[in-house]
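Peer 1: Counting from 1, position 33 in the sequence shown corresponds to residue 33 in the UniProt record's numbering; the numbering is continuous, with no gaps.
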Amino acid sequence: MSLRLSPSKLADYENCPRLYEIKHVLKVRQRETSANLPFGSAAHTAFEASVRAHHAGEPDKLNVEDVFNKAWKAEILRTKLIKYSSRWDEQSLLATGRAIVTRFHQLWPKFGLTPLVDDQNVPQLEIMLSCEIEPGVQLRGKLDFIGYDKMGRLAVVDFKTPASATPEGFSDLDDQLTAYQLLVLHNTEMLGVSDVARLGFLECLKRKVSTSGRGKGPEVRAPDLVPARSEEDLAAFVEKVKFNAQCIREGRFYRRPRMAYNTPCGLCDFQELCRTGEAENAASERFGFAPSNVEDTEPDTPAVAVNGDGGGWFVI
Ligand code: SF4
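1) Starting from GLU48, follow its DSSP beta bridges and name the residues at the other end.
2) Within this structure, are the beta carbons of LEU125 and GLU48 separated by less than 7 Å?
3) Shortest alpha-carbon distance to ARG29 belongs to which of ASP269, ASN281, GLU280 and GLY277?
4) Do the region 33-42 and the region 75-82 touch if we need at least three Cβ pairs shorter than 8 Å?
5) Okay, do the region 206-214 and the region 103-122 touch, 3+ Cβ pairs below 8 Å being the bar?
6) Going by DSSP in three states, CYS16 sits in which element: helix, strand or coil?
7) Classify PHE104 as helix, strand or coil using the three-state DSSP reduction.
8) Could you check whether the Cβ of PHE270 sits closer than 6 Å to any heavy atom belonging to the ligand FAD?
9) Just to confirm my understanding: we take PHE130, look at its own chain, exclude 5 residues before and 5 after, and list those with CB closer than 6 Å. What are they?
10) Could you check if ARG258 belongs to the surroundings of the ligand SF4, using beta carbon to heavy atom distance under 6 Å?
11) Is DSSP giving CYS265 helix, strand or coil here?
12) Could you give the residue range of the beta strand (DSSP E) that holds MET128?
13) DSSP three-state label for ASP144, please.
14) Just grab the DSSP bridge partners of SER34 for me.
15) By how many angstroms is the C-alpha of GLY251 removed from the C-alpha of VAL101?
16) Over the uninterrupted beta strand (DSSP E) stretch that includes residue 319, give me the two end residues.
17) Secondary structure at PHE170, three-state DSSP: helix, strand or coil?
18) On the CB-based measure, 16 or more other CB atoms within 10 Å of its CB, does THR96 come out buried or exposed?
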């Protein structure tokens, strides 16, 4: 059976195999969606529109805030139940989103990035790529931006909207960027490129818009591009993906709570299911049996929602 992996699914497995099982094998989901997801998605829609408008030489014709607002509304309609953290509500999140996309639109020409285009001069943005790691194991990823830096070097850039900046030097280590380089290298012919020279993040820091004039507010940072991974780095990553894929196929889904000082459990959406062992029951309710194979169908097709209104288990 085919196993489809993505950088985020690999991260889930490495973070905690039991979490991976609940989320990607049993396909349990919370009924409520964190507001971070529709926010990031709406911001990416606006970033993409901005890059396309600049590429077309018509940045002034784009109302990027409008694009963000419409994308947000579409996401809300699609997602329905949104969960806000204690620090945010819809209005403050929207104000931050509008500020970020406006700044992005202003700063984009200064970043010196030119998108890769197809033979119709259409920028290759938000492009889904896949490659076979070994028979039956596929790696997939959606790349925000492939293009050229000021020096004409091919660069893969991931747009992010985190609350705080990634640690210094992390771009040299990040598995997502490694996976993206690998995906481009497996698709050079289709993309019309020969190699990847730079990798990095373009971070848009999701801070509240200040109403008092104090505080830093949202920030769009210049892309932090580092040299692409070496062949040895890529080979080591492929070995790791193969190892994790083997563990997944063998059903090695042990809990990985680690120690109190570095446990992932505090941020785990499935803590209650994990503690009570109810995950299989929740999935059985939906399917009539608990799915036991590890064939990965589309990752965004949840089977079961949990912890909705009034608590308990819910079936979509
Ligand atoms: S609660 Fe902890 S051990 Fe259980 S699935 Fe979540 S992260 Fe893993």
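Glycine included, every Cβ here is placed at the ideal spot set by N, Cα and C.
Peer 2: So, to answer that:
1) The partner list for GLU48 (beta bridge, DSSP) is empty, contrary to what the question assumes.
2) yes
3) ASP269
4) yes
5) no
6) coil
7) helix
8) The ligand FAD is absent from the structure shown, which contains only the ligand SF4.
9) Checking the sequence, you will find Ser at residue 130 rather than Phe. Within the same chain, SER130 has close Cβ partners GLN138 and ARG140.
10) no
11) helix
12) 125-134
13) strand
14) LYS83
15) 43 Å
16) Nothing can be reported for residue 319: it is not among the residues displayed for the chain, which extend from 1 to 316.
17) helix
18) buried
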